[in-house]
Each structure stands twice: as C-alpha cells, then as structure tokens.
Amino acid sequence: AKAATVNLVAAAATQPGWLRVVPCGLGSSVSNVNYPAGAPYANGTNVKLSSKGSICITSSATTHVVIDLTGVWV
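Quick note: to get the working numbering, add 116 to the position in the sequence shown (first position is 1).
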C-alpha cells in the first residue's frame with residue numbers, strides 16, 4: 117500500500133492539544149486533530165505511508181490515542 121485512510125481519536129486529554137499523523141521520517145506543521153481537554157475528539161484523514169510502510173503519530177499533550185484503519189491505497 118502507498119497510503120492509508122485512518123480515523124484518529126484523542127480521548128481523556130489532560131489539556132487541549134493536537135494529534136499529527138505523518139509518514140515516519142517526515143515532518144509536518146499541520147495537525148490532523150485539534151482536541152479539547154477531557155472529551156473524546158476525532159477526525160479522519162489520509163496519510164502517505166513511509167518507504168517501510170509505516171506512519172508515526174505525535175501528540176502535543178498527554179492523551180489516549182485510538183487509530184482505526186478504514187482503508188488503504190494501492
């Protein structure tokens with residue numbers, strides 16, 4: 117696969133923040149989910165896979181992260 121469609125959820129965040137999903141090894145200044153403290157917050161996105169077929173998720177605050185794979189692009 118060359119890319120994936122995912123749904124990202126931030127749950128039980130200790131403070132407002134953001135989640136970012138990118139191909140591992142590449143950076144980005146764009147967030148995929150901007151979440152408030154406490155309540156679960158979700159968003160779907162497409163992400164290119166790295167040359168090894170992986171993605172990396174970064175969070176700006178402490179939160180639980182749930183990621184659902186909803187599709188792949190070949």
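The beta carbon of each residue, even a glycine, is placed where N, CA and C say it ideally should be.
The structure displayed is predicted, hence computed values, not measured ones.
Short Cβ contact (7 Å threshold) for residue i with residue j
i: Cys129; j: Ala177; result: Just to set this straight, residue 129 is Ala in the shown sequence, not Cys. Yes, Cβ-Cβ distance for Ala129 and Ala177 is below 7 Å.
i: Asn159; j: Leu185; result: no
i: Val137; j: Ile171; result: yes
i: Val153; j: Pro132; result: Residue identity check: residue 153 is Ala in the sequence provided, not Val. Going by C-beta atoms, Ala153 is nearer than 7 Å to Pro132.
Anticipated Cβ contact below 8 Å, residue i with residue j, distance rounded
i: Lys164; j: Ala119; result: 5 Å
i: Cys140; j: Ser166; result: 4 Å
Backbone secondary structure at residue i - three-state DSSP
i: Leu185; result: strand
i: Lys164; result: strand
i: Ala117; result: coil
i: Thr174; result: strand
Exercise. What runs of the beta strand (DSSP E), each 3 residues or longer, lie entirely inside the region 123-160?
Worked result: 133-139 and 149-151
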